[in-house]
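Let me begin by presenting the structure, written as structure tokens, before commenting on it.
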């Protein structure tokens, strides 16, 4: 089993941002919705809390996912409306089964306090459906 470094990024002031942007640009399924630009856009919106999950192997990013937690204003509304949206889906090197399991497990841990998580894949990753099903996303 490979030794991966897993990192969750809530702050734009990180050296990882440049690496993420390069990874997204070079990935065949990378798009605007998985970019650092989208993170900055979400970060500027009231009641949005974006975060990246990145997985590194030997210092190189091998998987990433941009998620945003959203909620309504007000204590009660916040409690009943907190959700997480992932637009674009996860980006993985070679659609690696181990990487999708890692990403989805970390996503679940980060979203323990939301009422639901919705992953809006913008490309087909049928090979990974069993991992989405196993994690309760399909």
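In my numbering, the protein residues as written are 28 to 165.
Don't be surprised by glycine CBs; every beta carbon is placed ideally from N, CA and C.
Pick from 46, 109 and 145: whose alpha carbon is nearest that of residue 89? Start at 1 with the first residue of the chain shown, and residue 89 comes out as number 62. Closest by alpha carbon: 46.
State the Cα-Cα distance for the pair residue 67 and residue 77, rounded to the nearest angstrom. Indexing the chain shown from 1 puts residue 67 at position 40. Indexing the chain shown from 1 puts residue 77 at position 50. Take the alpha-carbon of residue 67 and the one of residue 77: they are about 8 Å apart.
Cβ shell of residue 54 (< 6 Å), same chain only, five flanking positions each side left out: Here residue 54 is taken as the residue at index 27 of the chain shown, counted from 1. Once the five neighbours on either side are set aside, the close Cβ partners of residue 54 are 118.
Assuming residue 31 contacts residue 95 under a Cβ cut-off of 8 Å, what Cβ separation, rounded to an integer in Å, is found between them? Stepping through the chain shown from its first residue, residue 31 is reached at position 4. Stepping through the chain shown from its first residue, residue 95 is reached at position 68. Not quite, the Cβ-Cβ distance comes to about 24 Å (not below 8 Å), so this is no contact.
Buried or exposed by the 16-neighbour rule on C-beta atoms within 10 Å, applied to residue 102: Locating residue 102 in the chain shown gives position 75, counting from the first residue. By the neighbour-count rule (16 or more Cβ atoms within 10 Å), residue 102 is not buried but exposed.
Going by the beta-carbon positions, is the gap between residue 80 and residue 33 smaller than 9 Å? Against the chain shown, residue 80 aligns to sequence position 53. Against the chain shown, residue 33 aligns to sequence position 6. Yes.
Whose C-alpha, out of 91, 98, 134 and 36, is nearest the C-alpha of residue 22? Limits of the chain in this structure are 28 at one end and 165 at the other, which puts residue 22 out of reach.
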